[in-house]
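Asker: Numbering (this note's numbering), first residue to last: 0 to 397.
Just so it is clear, CB atoms sit at the ideal spot from N, CA and C, and this is done for glycine as well.
All values derive from a computational prediction rather than experimental measurement.
(1) Could you give the uninterrupted runs of the alpha helix (DSSP H) lying entirely in the stretch 167-255, keeping only those of 4 residues or more?
(2) For the alpha helix (DSSP H) that contains residue 300, what are its first and last residues?
(3) Please return the same chain residues whose Cβ sits closer than 7 Å to the Cβ of residue 62, not counting the five positions on each side in sequence.
(4) So what's residue 388 in DSSP terms, helix, strand or just coil?
(5) For residue 2, which residues from the same chain have a beta carbon less than 8 Å from its beta carbon, with the 5 sequence-adjacent residues on both sides left out?
(6) In terms of alpha-carbon separation, which member of 99, 87 and 179 lies closest to residue 290?
(7) List the DSSP bridge partners of residue 356.
(8) Assuming residue 338 is part of the alpha helix (DSSP H), what are its boundary residues?
(9) Measuring only the C-alpha atoms, how far is residue 0 from residue 91?
(10) To which residues of the same chain is residue 72 closer than 8 Å at the C-beta, ignoring the five residues directly before and after it?
(11) Does the distance between the C-beta of residue 365 and the nearest non-hydrogen atom of the ligand ATP fall short of 7 Å?
(12) If contacts are defined as beta-carbon pairs under 8 Å, then residue 21 and residue 57 qualify, I think. What distance do you get, rounded to the angstrom?
(13) Measuring only the C-alpha atoms, how far is residue 229 from residue 350?
(14) Expressed to the nearest angstrom, what Euclidean distance is found between the alpha-carbon atoms of residue 295 and residue 325?
(15) Are residue 177 and residue 202 closer than 8 Å when you measure CB to CB?
(16) Quick one: is residue 173 buried, meaning 16 or more other Cβ sit within 10 Å of its Cβ, or exposed?
Below you can see the structure in the form of structure tokens.
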């Protein structure tokens, strides 16, 4: 037990000068080592030093002190796994309930027969030993899992960097896609394993391009001939097959497979519509869409305009707005003299800092327009039937 040949039992009582019956019973067992601190004020320090397997509180200690001691033991990182047994003159249902709530493991009567006491102590020591074994195994498994997780991440980085030598920019785009996915999943309150699968899919979304001819992967999508575009659309399937071989990442493979599905059902490979498309794939579609625009040399403002126009057609409108907000955070020129407000907060005379689009992608007003009452009325009416997601960005000095 805790590296000792004998099981350590710390006996606490309010009669330090006298022998107590429980001590006499326990010391008859050679497998037990019984300690009694000389000063109750140093109990916790004494316990931390001796690291007992069990603490028994004699009935001479007031109940409130027992309960307080239990709470301290359970909150102490050194002693939290120690078995705690309280001794009382008789059974008290209310007091026993308080004791268990405070962290006691058992409650026994003072006049318990010696053989029952010995067997109870042995039982709790066996339970503690089992708990320690489970904790040690869990600790070892966590350490092993950390190593495997680290090795897996390093392997994916090596894989992307290898692909980067053939397709310049893949490594940088992988990191950017992961950062964007991190932002979007946070906004959508996605966490746990689902977030993990989405982030991996974002990082590896171009991995399937390793199976495409170099002449195709080095071009932007808009520069591809029709026959080349058909071949280009195979890379999500190739990537999905590669990632599906990784145990436990079936969802990541699915997200990669459907990264070119359009919100209106016009995408590939399955022509899925709206919410039929997995959330992770809808996030990837938005990221990949802006990625292609960026490769064509568009500015951040132009990319944002294209994202808005494609909202509710190619892209999920809510996810699109989160990506627009993310892109805006890195564009100081866009944000320094502007701010976003709700449609119902618009006032006559305000100056639009960007084009206004409805969720269906319809351009309602151009950047630079000075709002008039009739415009505000139209925007409010439109917002009820075709929402303007994310509000409207206006110039601060209007």
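Answerer: Per the coordinate set shown:
(1) 169-186, 191-202, 213-216, 225-231 and 234-243
(2) On the chain shown, residue 300 is found 301 positions in, with the first residue counted as 1. Segment 299-309, the alpha helix (DSSP H) holding residue 300.
(3) The residue you call residue 62 lines up with position 63 of the chain shown. For residue 62, where only same-chain residues beyond five positions count, the Cβ hits under 7 Å are 94.
(4) Numbered from its first residue, the chain shown carries residue 388 at position 389. DSSP places residue 388 in coil when its eight states are reduced to three.
(5) Here residue 2 refers to the residue found at position 3 when the chain shown is read from its first residue. A caution first: residue 2 carries a pLDDT of 48, below 50, which makes its placement in the model unreliable, though a value can still be read off. So no residue of the chain qualifies.
(6) Indexing the chain shown from 1 puts residue 290 at position 291. Among 99, 87 and 179, the Cα nearest to that of residue 290 belongs to 179.
(7) As a first step, residue 356 must be located in the chain shown, where it is residue number 357. Within the DSSP secondary-structure output, residue 356 pairs in a beta bridge with 362.
(8) On the chain shown, position 339 is the one that residue 338 refers to. Note, residue 338: premise wrong, no alpha helix (DSSP H); beta strand (DSSP E) at 337-340.
(9) To locate residue 0, count along the chain shown from 1; it is residue 1. To locate residue 91, count along the chain shown from 1; it is residue 92. Here residue 0 scores only 47 on pLDDT, less than 50, and its place in the model is too uncertain to base an answer on.
(10) Indexing the chain shown from 1 puts residue 72 at position 73. So the list reads 43, 46, 54, 78, 79, 81, 83 and 102, once near-sequence residues are dropped.
(11) The model on display carries no ligand, and the ligand ATP is accordingly not part of it.
(12) Numbered from its first residue, the chain shown carries residue 21 at position 22. Numbered from its first residue, the chain shown carries residue 57 at position 58. The Cβ separation is near 6 Å, so the contact holds.
(13) Taking the first residue of the chain shown as position 1, residue 229 is located at position 230. Taking the first residue of the chain shown as position 1, residue 350 is located at position 351. Between the alpha carbons of residue 229 and residue 350 lies a gap of roughly 44 Å.
(14) Within the chain shown, residue 295 is the residue found at index 296, counting from 1. Within the chain shown, residue 325 is the residue found at index 326, counting from 1. Taking the straight line joining both Cα atoms gives about 20 Å.
(15) Start at 1 with the first residue of the chain shown, and residue 177 comes out as number 178. Start at 1 with the first residue of the chain shown, and residue 202 comes out as number 203. Yes, these two residues count as a Cβ contact at 8 Å.
(16) Counting from one through the chain shown, the residue named residue 173 turns up at place 174. It is buried - the Cβ of residue 173 has at least 16 other Cβ atoms within 10 Å.
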